[in-house]
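Below is one structure, written out as structure tokens, with a few remarks after it.
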Amino acid sequence: MDNQKIKGLKKIFKQFDSLKLVYLFGSQATKKQGELSDHDFAFYIDEKKVEAFQTSLAIAAQISLYLQTDNIDTVIINHIDSPELKYSIIKEGKLIYEIEPYKVIIEPKIMNEYFDFRFLLRKYSLTGT
0 MDNQKIKGLK KIFKQFDSLK LVYLFGSQAT KKQGELSDHD FAFYIDEKKV EAFQTSLAIA
60 AQISLYLQTD NIDTVIINHI DSPELKYSII KEGKLIYEIE PYKVIIEPKI MNEYFDFRFL
120 LRKYSLTGT
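Using numbering that gives the first Met the number 0, the first residue of the sequence shown is number 0, and each one after it goes up by one.
In structure tokens, the structure reads:
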């Protein structure tokens, strides 16, 4: 995804006060997209202010209109159970929107959770790595 599109998306994201972080991940972030590739977005939403699911639907609708495609997938980072998926999003994804200081609060938590999880997998020989 080019910088011009990201700039336009940031205007959309600013409309949602509870939206604190947005990552583009998957093939669009790694520049390995094909003709049929979708757009994968991960949101961190402050749930003290709003209902996260409804907010994510509203954001996804705006993204879809802006990009002129229905090929949009979204996840709410604070609702993901898998430490591996959360870690993959922050490691391989591209942070395209950020409200300070959420990145420095959330990313270390995700990394700690992932490395604790990986340690247990290795300890009990549940993974080959």
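Glycine is no exception: its CB is placed at the ideal position from the N, C-alpha and C atoms.
**OP:** Give the C-beta separation of K19 and D45 to the nearest angstrom, bearing in mind that I take them to be a contact with Cβ-Cβ under 8 Å.
**Re:** Indexing the sequence shown from 1 puts residue 19 at position 20. Indexing the sequence shown from 1 puts residue 45 at position 46. Between K19 and D45 a beta carbon distance of about 6 Å is seen, short of the 8 Å cut, so the two are scored as contacting.
**OP:** Give me the Cα-Cα distance between I105 and Q14, rounded to the nearest whole angstrom.
**Re:** As a position in the sequence shown, residue 105 is number 106, starting the count at 1. As a position in the sequence shown, residue 14 is number 15, starting the count at 1. Each residue's alpha carbon lies about 21 Å from the other.
Original post:
Would L23 be called buried (16 or more neighbouring beta carbons within 10 Å of its own) or exposed?
Top reply: For the purposes of this step, residue 23 is identified with residue 24 of the sequence shown, where counting begins at 1. The residue in question, L23, is buried, as its Cβ has 16 or more Cβ neighbours within 10 Å.
**OP:** Check Y22 in the structure and name its three-state DSSP category.
**Re:** Along the sequence shown, read from residue 1 onward, the residue named residue 22 stands at position 23. Three-state result, Y22: strand.
**OP:** Quick one: give me the first and last residue of the beta strand (DSSP E) that L94 is part of.
**Re:** As a first step, residue 94 must be located in the sequence shown, where it is residue number 95. In the DSSP annotation of this structure, the continuous segment of the beta strand (DSSP E) that includes L94 starts and ends at 93–97.
Original post:
Are the region 100–114 and the region 79–91 touching, with three or more C-beta to C-beta distances below 8 Å?
Top reply: Short answer: they touch.
Subject >> Range of the contiguous beta strand (DSSP E) that encloses D72 >> reply: As a working note, residue 72 is residue 73 in the sequence shown. Counting along the chain, the beta strand (DSSP E) containing D72 begins and ends at 71–75.
Original post:
Could you give the C-beta distance for F40 and T73, rounded to a whole number, given that I count them as a contact under 8 Å?
Top reply: Locating residue 40 in the sequence shown gives position 41, where the first residue counts as 1. Locating residue 73 in the sequence shown gives position 74, where the first residue counts as 1. Cβ atoms of F40 and T73 come within 8 Å of each other, at about 5 Å.
Subject >> D37 vs N70 beta-carbon contact at 8 Å >> reply: Working through the sequence shown from its first residue, we reach residue 37 at position 38. Working through the sequence shown from its first residue, we reach residue 70 at position 71. Going by C-beta atoms, D37 is nearer than 8 Å to N70.
Original post:
In three-state DSSP terms, what is F15?
Top reply: Counting from one through the sequence shown, the residue named residue 15 turns up at place 16. Assigned with DSSP and collapsed to three states, F15 falls in coil, not helix or strand.
Original post:
Which stretch, first to last residue, makes up the beta strand (DSSP E) that contains D115?
Top reply: Locating residue 115 in the sequence shown gives position 116, counting from the first residue. It is not in any beta strand (DSSP E) - D115 instead sits in the alpha helix (DSSP H) that spans 101–122.
Subject >> Limits of the unbroken alpha helix (DSSP H) element including I62 >> reply: Here residue 62 corresponds to residue number 63 of the sequence shown, with the count starting at 1. From DSSP, the alpha helix (DSSP H) with I62 extends over 51–66.
**OP:** May I ask which residues mark the beginning and end of the beta strand (DSSP E) holding I44?
**Re:** The residue you call residue 44 lines up with position 45 of the sequence shown. Looking at the DSSP string, the run of the beta strand (DSSP E) that includes I44 is 38–44.
**OP:** Give me the Cβ distance between E91 and A28, rounded to the nearest whole Å; I'm assuming they're in contact under 8 Å.
**Re:** The residue labelled residue 91 in the question sits at position 92 within the sequence shown. The residue labelled residue 28 in the question sits at position 29 within the sequence shown. With a Cβ gap of about 7 Å, E91 and A28 count as contacting.
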